[in-house]
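Heads up, the thing below is written out as structure tokens.
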Ligand SMILES: Cc1cc2nc3c(=O)[nH]c(=O)nc-3n(C[C@H](O)[C@H](O)[C@H](O)COP(=O)(O)O)c2cc1C
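Residue numbers (the numbering used here): 405 to 712.
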């Protein structure tokens with residue numbers, strides 16, 4: 405699958421990804437925050453110009469409507485151009501907004517909805533239970549509001565990650581994407597300024613989602629989809645062997661173009677041929693923690709042996 409990124413924000417780019425062999429496309433997220441910030445900017449500008457805008461009306465009927473209609477048009481255009489599933493992605497801040505957004509995206513033809521949901525646990529006044537509850541509250545509202553499958557794309561910032569993944573898998577979502585990779589800060593030591601850190605992942609980042617797909621496979625009640633650090637066909641094979649139902653790629657498509665999907669698939673087909681596999685189900689999960697002959701390897705965390 406082509407993961408959510410700037411490469412999936414236009415119908416032309418989406419068409420190129422589908423032509424290259426993507427099995428599904430996750431659209432660039434629509435961000436509620438962005439809509440709210442834009443709204444605040446416009447209100448400030450209007451105020452400075454002495455124009456009185458009726459806050460609620462302007463936000464609800466004009467700005468939000470415009471952003472949403474651009475996004476629903478993208479869904480419609482993409483659906484007209486490609487045969488593979490088009491998955492809308494939403495990132496909202498306030499739980500009541502998620503529901504309204506999702507329903508409109510479903511009505512526009514989205515085959516599924518991916519929730520790009522992340523609250524950085526940096527609010528010291530909020531307990532881990534309160535933090536975690538926010539995820540379940542949104543999912544409960546959403547699953548009651550739309551009929552298309554919902555995938556939840558999460559981070560690994562949970563105090564008991566294994567239990568949280570298991571509980572989320574039982575919440576009514578059809579899939580969990582492990583893991584999202586976020587925009588992170590870096591420091592420019594000459595200008596003493598905060599700047600963006602590495603925007604693209606490296607192949608080494610495969611390790612974290614690989615461990616958790618491997619540990620959680622067969623212990624969850626929904627599909628697991630791997631994301632982060634998949635740069636070559638070998639990484640695709642590893643994630644499928646660990647138990648992933650599907651994989652998402654973003655950084656490697658930025659670096660190598662949409663055609664890279666064809667290269668990933670060639671490697672996969674070649675390897676399947678050499679191992680006499682004819683379908684993904686022949687080997688999916690064969691190397692998960694449960695199926696592996698060395699399950700402890702998934703939980704080994706210290707480098708003891710290497711340094712002694
Ligand atoms: C430039 C860029 C933009 C992204 N935008 C989004 C986004 O809008 N929504 C989202 O859920 N993930 C977004 N992502 C995260 C990717 O979907 C993906 O989860 C992450 O990059 C890890 O996968 P990778 O190693 O294949 O890049 C973005 C990633 C990049 C590099």
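A virtual CB, placed ideally from N, CA and C, is assigned to each residue, including glycine. In this text the structure is predicted, and so the values were computed from the model without any measurement.
Under 8 Å, do residue i and residue j count as touching if we go by C-beta distance?
{"i": "residue 601", "j": "residue 634", "result": "no"}
{"i": "residue 430", "j": "residue 477", "result": "no"}
{"i": "residue 662", "j": "residue 421", "result": "yes"}
{"i": "residue 613", "j": "residue 644", "result": "no"}
{"i": "residue 512", "j": "residue 487", "result": "no"}
{"i": "residue 432", "j": "residue 408", "result": "yes"}
{"i": "residue 647", "j": "residue 575", "result": "no"}
{"i": "residue 578", "j": "residue 485", "result": "no"}
From the DSSP secondary-structure annotation, give me the bridge partner or partners of residue i.
{"i": "residue 435", "result": "495"}
{"i": "residue 422", "result": "Note: residue 422 sits in no beta bridge, so no partner."}
{"i": "residue 627", "result": "579"}
{"i": "residue 589", "result": "600"}
Please identify the residue among the options whose C-alpha is closest to the C-alpha of residue i.
{"i": "residue 565", "options": "536, 554, 682, 641", "result": "536"}
{"i": "residue 603", "options": "585, 526, 592, 481", "result": "585"}
{"i": "residue 683", "options": "641, 483, 587, 410", "result": "641"}
{"i": "residue 419", "options": "489, 470, 475", "result": "489"}
{"i": "residue 653", "options": "413, 414, 426", "result": "426"}
{"i": "residue 688", "options": "707, 628, 658, 703", "result": "628"}
With hydrogens ignored, establish whether the beta-carbon of residue i is closer than 7 Å to any heavy atom of ligand 1.
{"i": "residue 562", "result": "no"}
{"i": "residue 558", "result": "no"}
{"i": "residue 603", "result": "yes"}
{"i": "residue 698", "result": "no"}
{"i": "residue 650", "result": "no"}
{"i": "residue 475", "result": "no"}
{"i": "residue 632", "result": "yes"}
{"i": "residue 680", "result": "no"}
{"i": "residue 658", "result": "yes"}
{"i": "residue 530", "result": "no"}
{"i": "residue 585", "result": "yes"}
{"i": "residue 623", "result": "no"}
{"i": "residue 423", "result": "no"}
{"i": "residue 420", "result": "no"}
{"i": "residue 407", "result": "yes"}
{"i": "residue 410", "result": "yes"}
{"i": "residue 609", "result": "yes"}
Segment contact flag, the stretch 621 to 640 with the stretch 552 to 571, C-beta cutoff 8 Å, min 3 pairs: With the cut-off at 8 Å, the stretch 621 to 640 and the stretch 552 to 571 touch.
Just checking, does the stretch 549 to 564 make contact with the stretch 511 to 526 on the three C-beta pairs under 8 Å criterion? With the cut-off at 8 Å, the stretch 549 to 564 and the stretch 511 to 526 touch.
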